[in-house]
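Numbering (my numbering), first residue to last: 46 to 372.
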């Protein structure tokens with residue numbers, strides 16, 4: 046199935062329970078098995094031998110798909126008897142096939158700690174594994190517990206980012222999921238690492254590289270830093286979905302860092318004397334107007350993930366450089 050990507054930021058109102066994290070340190074391991082979130086259903090399977098047979102069969106099917114097809118996404122189901130199992134795994138697209146398989150293996154080992162629970166999920170930086178007793182492949186939100194860890198970083202003005210949607214959700218579902226992720230990550234700025242995770246999508250930015258250099262896009266030439274700052278900055282992003290949101294996230298993060306006074310460490314000192322209030326959402330008609338209906342003159346180039354367009358964010362007098370158009 047072809048992966049659906051989203052690159053438009055539309056205003057929405059969604060109430061859901063999310064998990065997000067703001068950290069100061071990046072991930073060092075290649076499979077990226079830093080555990081972000083784990084959840085086990087409060088309900089147990091009724092027929093344990095049957096349940097374990099179905100669960101093992103789905104995990105075996107997922108493993109075969111990942112290894113045989115060198116893919117980063119797979120679903121499987123075993124509906125025999127009274128305890129069916131539906132399972133999904135998705136790796137970040139920047140992981141190698143070997144690292145994806147290693148992350149999946151770690152997730153399987155971790156999720157088995159849920160024992161007889163008829164549903165569970167494990168979320169690592171590098172992959173996501175979930176199983177349930179009913180179909181959920183088109184779901185964009187899940188009942189996660191909200192956690193937040195905040196640390197202020199220093200100095201580094203290179204920003205890395207990624208946004209990814211599950212292959213089984215619709216474009217609209219991807220859009221909605223990433224909009225909520227974007228709004229939640231606002232609370233992380235201007236910290237050096239932030240993630241937002243749900244059933245349908247994953248959004249992350251970091252001042253530490255967490256993917257290969259050959260999967261980066263340097264948009265320095267399209268960025269205006271504004272103000273009197275003489276600092277130079279580079280935004281490098283692997284855009285595997287939700288490109289417009291990704292550029293806004295890393296752009297706002299960078300603007301925070303460049304506008305913050307050197308001697309100040311408080312959040313209230315971002316954007317000079319003005320603190321950003323709430324999420325930065327933009328209507329499609331405004332983005333359409335800013336890019337002159339996605340005209341060729343505003344087209345920055347093409348890549349493996351679609352066309353990239355420039356636009357101006359007049360509200361803050363900063364050009365956050367790019368919007369990734371839907372494929």
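All C-beta atoms, glycine included, are put in the ideal place defined by N, C-alpha and C.
Have a look at residue i and residue j and give me their C-alpha separation to the nearest angstrom.
i           : j           : result
residue 141 : residue 97  : 30 Å
residue 211 : residue 135 : 7 Å
residue 81  : residue 100 : 23 Å
residue 237 : residue 152 : 26 Å
residue 130 : residue 220 : 28 Å
residue 104 : residue 222 : 26 Å
residue 250 : residue 118 : 22 Å
residue 149 : residue 215 : 24 Å
residue 252 : residue 123 : 42 Å
residue 137 : residue 87  : 28 Å
residue 106 : residue 248 : 27 Å
residue 245 : residue 207 : 14 Å
residue 126 : residue 95  : 7 Å
residue 181 : residue 167 : 15 Å
residue 217 : residue 227 : 15 Å
Per DSSP, residue i forms a beta bridge with which residues?
i           : result
residue 249 : 207 and 240
residue 83  : 167
residue 177 : 131
Quick one: what's got a C-beta closer than 7 Å to residue i's C-beta in the same chain, skipping five residues either side?
i           : result
residue 115 : 142
residue 177 : 131 and 164
residue 121 : 103, 106, 107 and 132
With hydrogens ignored, establish whether the beta-carbon of residue i is closer than 7 Å to any heavy atom of the ligand ATP.
i           : result
residue 216 : Within the structure as shown, the ligand ATP is missing, as the structure has no ligands at all.
Is residue i helix, strand or coil by DSSP?
i           : result
residue 89  : strand
residue 107 : helix
residue 231 : coil
residue 255 : coil
Just to confirm my understanding: we take residue i, look at its own chain, exclude 5 residues before and 5 after, and list those with CB closer than 6 Å. What are they?
i           : result
residue 173 : 135
residue 155 : 167
For residue i, collect the residues of the same chain with a Cβ closer than 8 Å to its Cβ; drop the 5 residues on either side in sequence, then sort them by chain order.
i           : result
residue 144 : 75, 76, 77, 136 and 171
residue 162 : 85, 86, 87, 88, 89 and 90
residue 147 : 75, 76 and 78
residue 179 : 129 and 131
Please give the ranges of any beta strand (DSSP E) in the region 109–175, keeping only runs that are unbroken, at least 3 residues long and fully inside the region.
118–123, 130–136 and 165–169
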